[in-house]
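Student:
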DNA sequence: AATAAATCTTTACGCGCGTAAATTTTTTGT
DNA sequence: ACAAAAAATTTACGCGCGTAAAGATTTATT
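Residue numbers (the working numbering), protein chains in the order written: chain A, 1 to 341; chain B, 1 to 341.
(1) State the DSSP-derived secondary structure class of residue 2 of chain B, mapped to helix, strand or coil.
(2) Over what stretch of residues does the beta strand (DSSP E) that includes residue 177 of chain A continue unbroken?
(3) Can you pull the chain B neighbours of residue 94 of chain A, defined as C-beta to C-beta under 8 Å?
(4) Around the C-beta of residue 122 of chain A, are 16 or more other C-beta atoms found within 10 angstroms, so that it is buried, or is it exposed?
(5) Compute the Euclidean distance between the alpha carbons of residue 318 of chain B and residue 146 of chain B, then round it to the nearest angstrom.
(6) In this structure, how does DSSP classify residue 97 of chain A when only helix, strand and coil are distinguished?
(7) For a contact defined as C-beta to C-beta under 9 Å, what are the partners of residue 81 of chain B on chain A?
(8) Which residue wins for smallest C-alpha separation from residue 44 of chain A, given the options A:167, A:13 and A:229?
(9) Pull up the distance between the alpha-carbon of residue 117 of chain B and that of residue 141 of chain B, whole angstroms please.
(10) Should the stretch 124 to 136 of chain B be called in touch with the stretch 151 to 163 of chain B, which here means at least 3 C-beta pairs below 8 Å?
(11) Could you check where the alpha helix (DSSP H) with residue 230 of chain B kicks off and where it finishes?
(12) In three-state DSSP terms, what is residue 39 of chain B?
(13) Buried or exposed: residue 214 of chain B, going by 16 or more other Cβ atoms within 10 Å of its Cβ?
(14) Taking a cut of 8 Å between CB atoms, which residues from the stretch 284 to 310 of chain B lie near chain A?
(15) Using C-beta distances below 7 Å, list every residue in its chain close to residue 30 of chain B, excluding the 5 sequence neighbours before and after it, in chain order.
(16) Report all residues from its chain with a CB closer than 6 Å to the CB of residue 96 of chain B; omit the five preceding and five following residues, and keep chain order.
(17) What beta strand (DSSP E) runs, 3 residues minimum, are completely inside the stretch 42 to 113 of chain A?
(18) Based on the DSSP secondary-structure assignment, which residues constitute the bridge partners of residue 249 of chain A?
(19) Using only CA atoms, which one of B:272, B:72 and B:15 lies nearest to residue 46 of chain B?
(20) In whole angstroms, what is the alpha-carbon distance linking residue 1 of chain A and residue 42 of chain A?
(21) Is residue 271 of chain A helix, strand or coil by DSSP?
(22) Which value, in whole angstroms, describes the spacing of the CA atoms of residue 137 of chain A and residue 32 of chain A?
(23) Residue 56 of chain B versus chain A: which residues are under 8 Å apart at the beta carbon?
(24) Output the boundary residues of the alpha helix (DSSP H) element that contains residue 25 of chain A.
(25) Give the interface partners of residue 261 of chain B over in chain A, defined as CB-CB distance under 7 Å, in chain order.
(26) Roughly how many whole angstroms lie between the Cα atoms of residue 199 of chain B and residue 163 of chain A?
(27) Return the CA-CA distance between residue 202 of chain A and residue 34 of chain B, expressed in angstroms with no decimal places.
(28) Let me see if you follow: with CB-CB separation under 8 Å, is residue 84 of chain B close to chain A or not?
(29) Can you tell me which of the three DSSP states residue 329 of chain A falls into?
(30) Which residue wins for smallest C-alpha separation from residue 188 of chain A, given the options A:182, A:211, A:229 and A:5?
(31) Just to confirm, are residue 243 of chain A and residue 218 of chain A a CB contact at a threshold of 8 Å?
(32) If we count the other Cβ atoms within 10 Å of its Cβ and call it buried at 16 or more, is residue 285 of chain A buried or exposed?
(33) State the Cα-Cα distance for the pair residue 210 of chain B and residue 113 of chain B, rounded to the nearest angstrom.
(34) Tell me, please, which residues DSSP counts as bridged to residue 33 of chain A.
(35) Cβ atoms of residue 132 of chain A and residue 106 of chain A: under 8 Å apart, would you say?
Following this line, the structure appears as structure tokens:
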């Protein structure tokens with residue numbers, strides 16, 4: 001119980017019987033003081049529940065304990081999930097993460113970076129919008145703030161890049177589809193939001209060529225981040241026009257696949273690998289929702305844990321002063337077999 | 001271009017030709033200075049891109065321009081969507097919102113409130129976890145920080161409550177289902193996470209009684225926030241046990257319905273209002289994903305815009321000093337007719 | 001027990017800005 | 001053009017803490 005209200009570190013130092021500079025040292029890093037001192041401070045902390053004023057704390061410190069986590073679209077459960085994962089790791093490592101979403105808008109991304117700058121963060125975990133990002137703003141930001149890029153790489157910006165191995169993703173699932181039925185055609189957006197989509201198309205083309213099949217890419221129209229709706233509309237159009245050359249469709253990502261499944265439903269096209277189904281549909285990403293589509297979506301999933309751990313650890317290492325040359329880490333995905341393909 | 005780096009407000013005041021206190025006044029509220037002064041400051045701002053140090057700013061100010069937005073689970077697109085909506089409104093109103101998720105964990109909710117406290121926010125928009133919330137911590141927080149509760153009410157905490165009219169939701173969609181086919185049974189979690197679920201059950205019972213039908217509530221097991229999986233497993237069980245007394249199922253919320261649809265698919269039960277379908281399924285919430293289920297889900301949707309606007313405006317008014325007694329505002333939902341029911 | 005090393009205390013300054021009071025300048029109204 | 005009102009300037013202090021330096025105290029080493 002706080003019998004007397006502690007107004008500042010001076011007063012707290014008094015009640016804990018430790019000098020203020022030492023208390024300050026403790027809050028900077030509890031390990032930096034002697035055990036006996038730490039015990040006394042923490043005993044006082046129990047009694048009085050004092051917390052240092054973070055504004056006064058961060059004003060003079062060259063580097064704060066703040067971290068930024070930026071994703072392109074928080075309403076996409078994939079990003080929400082990876083953001084949650086990163087957030088937990090940051091907290092566990094003793095940082096104060098703040099979550100931001102660019103909401104799919106380049107100007108918002110710039111605004112977020114601007115806000116982040118003023119927070120003087122020790123580092124930032126940034127998943128850029130991709131194609132529509134204002135490269136100059138990103139680049140300038142990375143020059144000023146230790147930034148680790150994840151999910152979608154932009155040039156060789158920042159400390160390093162950590163993401164998934166999109167080439168492996170597509171090669172792997174294409175291989176699976178070829179071995180279990182007709183070779184797939186590839187369903188994608190004509191102007192995808194991020195570079196991962198290009199890698200996936202490229203990998204599809206390579207894989208098909210390697211297997212001796214003729215690739216068939218269906219590129220649908222649509223701008224923005226409403227992938228389900230783009231997939232649904234594009235799916236309707238493609239079905240109507242008979243553009244699917246095989247009974248197997250590999251989608252560039254799960255959200256597109258979810259939209260395509262809806263289009264299939266709406267046109268009465270049955271989907272699945274079971275007898276009697278007309279077409280097979282597979283996605284890519286291991287989207288949290290993919291388990292609950294009808295039929296449940298066969299997909300190749302990001303290794304969420306590994307991506308977030310690798311990304312977070314790389315940033316922490318850089319913050320701790322471990323300099324290492326820019327590098328790109330791409331982690332393999334795991335095939336998740338469900339009923340759709 | 002910034003020819004000379006501006007280090008603080010003093011230097012910026014110098015290059016803009018305005019005194020520092022006036023510049024300070026400008027950053028507090030641009031409207032509070034003369035037009036000619038504002039123009040000169042903004043001209044200098046163009047040239048030098050100076051931003052006040054937010055830590056120094058907030059250190060002395062009794063009230064910051066910070067706002068907190070807290071949702072129980074950010075990976076639920078419903079909350080992600082409403083959070084995005086609120087965030088935009090806060091920015092438009094000149095505040096600096098920060099987004100937090102309790103990730104479905106009561107201890108995380110407490111941690112978030114603790115973090116929020118140290119940010120000395122002007123106000124907080126809080127959607128509590130509900131049943132599992134630590135009431136005392138919430139209550140203590142509301143005593144210290146102007147807090148507006150939304151989505152799910154807890155006692156009469158905070159400045160006010162803004163949410164949806166769950167009674168109207170369920171009455172309305174129950175009415176629709178009764179008029180268009182067999183009266184619905186009600187599919188829900190036995191121990192729901194928040195009080196809205198209780199209102200919905202109550203409203204279902206009242207509506208059925210009013211229409212002269214016998215209500216049938218199927219309460220399924222499951223703890224936590226993975227509603228789709230709970231709905232899927234509960235759906236399997238209920239289908240196996242033949243617990244659905246009519247061919248129409250009203251789910252307590254859309255995520256449960258999504259899981260139930262998956263269970264139906266997995267058991268080969270056809271869903272829809274079309275000829276030949278076995279059962280009808282309806283949800284409640286207007287979840288962003290409900291458009292893309294197979295079949296697309298008939299639901300009653302929150303008025304996202306109205307809820308977020310009412311909540312944000314109420315908080316802004318309170319921050320501006322407009323005192324008003326605690327009140328609860330519950331907004332009506334709109335029926336969205338799709339193929340599932 | 002004596003010395004060296006680590007840690008703590010005391011003292012002091014500064015960070016960047018909010019803010020108040022007294023004064024001067026500019027704008028407004030007639 | 002003149003007085004009154006509004007706004008800007010000058011001056012000055014304080015917020016809560018980081019941090020540096022010098023001296024005092026505790027702990028570790030032999």
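Cβ coordinates follow ideal geometry from the N, Cα and C atoms, glycine included.
Tutor: Let me spell this out:
(1) As a position in the second chain, residue 2 of chain B is number 2, starting the count at 1. Residue confidence is low: residue 2 of chain B scores 44 on pLDDT, short of 50, so the model does not pin down where it sits. Its coordinate-derived value is still stated next. Correct three-state label for residue 2 of chain B: coil.
(2) Start at 1 with the first residue of the first chain, and residue 177 of chain A comes out as number 177. Premise fails: residue 177 of chain A lies in the alpha helix (DSSP H), 166 to 180, not in any beta strand (DSSP E).
(3) Counting from one through the first chain, the residue named residue 94 of chain A turns up at place 94. Per Cβ cutoff of 8 Å: no residues; residue 94 of chain A is ~14 Å from chain B at best.
(4) In the first chain, the residue the question calls residue 122 of chain A occupies position 122. Answer is buried; the Cβ neighbour count reaches 16.
(5) Start at 1 with the first residue of the second chain, and residue 318 of chain B comes out as number 318. Start at 1 with the first residue of the second chain, and residue 146 of chain B comes out as number 146. In a straight line, the C-alpha of residue 318 of chain B is about 8 Å away from that of residue 146 of chain B.
(6) Position 97 of the first chain holds residue 97 of chain A. Note: residue 97 of chain A maps to strand in three-state DSSP.
(7) In the second chain, counting from the first residue as 1, residue 81 of chain B sits at position 81. What residue 81 of chain B touches in chain A: 75.
(8) Here residue 44 of chain A corresponds to residue number 44 of the first chain, with the count starting at 1. Ranking the options by Cα distance to residue 44 of chain A, first place goes to A:13.
(9) In the second chain, counting from the first residue as 1, residue 117 of chain B sits at position 117. In the second chain, counting from the first residue as 1, residue 141 of chain B sits at position 141. C-alpha separation (whole angstroms): 8 Å.
(10) yes
(11) Here residue 230 of chain B corresponds to residue number 230 of the second chain, with the count starting at 1. Counting along the chain, the alpha helix (DSSP H) containing residue 230 of chain B begins and ends at 227 to 240.
(12) Taking the second chain and counting its residues from 1, the one referred to as residue 39 of chain B is at position 39. The answer is helix: DSSP assigns residue 39 of chain B an H, G or I state.
(13) Mapped onto the second chain, residue 214 of chain B falls at position 214. Counting Cβ neighbours within 10 Å, residue 214 of chain B comes out exposed, since fewer than 16 surround it.
(14) 288, 289, 291, 292, 293, 294, 295 and 296
(15) By one-based count along the second chain, residue 30 of chain B stands at place 30. So the list reads 38, once near-sequence residues are dropped.
(16) In the second chain, the residue the question calls residue 96 of chain B occupies position 96. Contacts found: 65 and 66.
(17) 66 to 71 and 96 to 101
(18) One-based indexing of the first chain puts residue 249 of chain A at position 249. Its beta-bridge partners are A:185 and A:281.
(19) In the second chain, the residue the question calls residue 46 of chain B occupies position 46. Nearest option by C-alpha distance: B:15.
(20) Your numbering for residue 1 of chain A matches position 1 in the first chain. Your numbering for residue 42 of chain A matches position 42 in the first chain. Here residue 1 of chain A scores only 46 on pLDDT, less than 50, and its place in the model is too uncertain to base an answer on.
(21) Mapped onto the first chain, residue 271 of chain A falls at position 271. If DSSP states are grouped into helix, strand and coil, residue 271 of chain A belongs with the strands.
(22) Taking the first residue of the first chain as position 1, residue 137 of chain A is located at position 137. Taking the first residue of the first chain as position 1, residue 32 of chain A is located at position 32. Cα to Cα, the separation comes out at about 38 Å.
(23) The residue labelled residue 56 of chain B in the question sits at position 56 within the second chain. Simply 55 and 59.
(24) Sequence index remark: in the first chain, residue 25 of chain A carries index 25 (1-based). Run containing residue 25 of chain A: 20 to 28, per the alpha helix (DSSP H) assignment.
(25) Within the second chain, residue 261 of chain B is the residue found at index 261, counting from 1. Ordered by position in chain A, the residues that pass the 7 Å Cβ test against residue 261 of chain B are 294.
(26) In the second chain, the residue the question calls residue 199 of chain B occupies position 199. In the first chain, the residue the question calls residue 163 of chain A occupies position 163. Roughly 44 Å between the two C-alpha positions.
(27) As a first step, residue 202 of chain A must be located in the first chain, where it is residue number 202. As a first step, residue 34 of chain B must be located in the second chain, where it is residue number 34. Going by the C-alpha atoms only, they are around 59 Å apart.
(28) Here residue 84 of chain B refers to the residue found at position 84 when the second chain is read from its first residue. Closer than 8 Å: yes.
(29) Counted from its first residue, the first chain places residue 329 of chain A at position 329. Strand, per DSSP.
(30) Numbered from its first residue, the first chain carries residue 188 of chain A at position 188. The option with the nearest alpha carbon to residue 188 of chain A is A:229.
(31) Along the first chain, one-based indexing puts residue 243 of chain A at 243. Along the first chain, one-based indexing puts residue 218 of chain A at 218. Yes, these two residues count as a Cβ contact at 8 Å.
(32) By 1-based counting over the first chain, the position of residue 285 of chain A is 285. So residue 285 of chain A ends up on the buried side.
(33) In the second chain, the residue the question calls residue 210 of chain B occupies position 210. In the second chain, the residue the question calls residue 113 of chain B occupies position 113. Roughly 43 Å between the two C-alpha positions.
(34) On the first chain, position 33 is the one that residue 33 of chain A refers to. None, per the DSSP bridge assignment.
(35) If you number the first chain from 1, residue 106 of chain A lands on position 106. If you number the first chain from 1, residue 132 of chain A lands on position 132. Yes, the pair counts as a contact, with Cβ atoms nearer than the cut-off.
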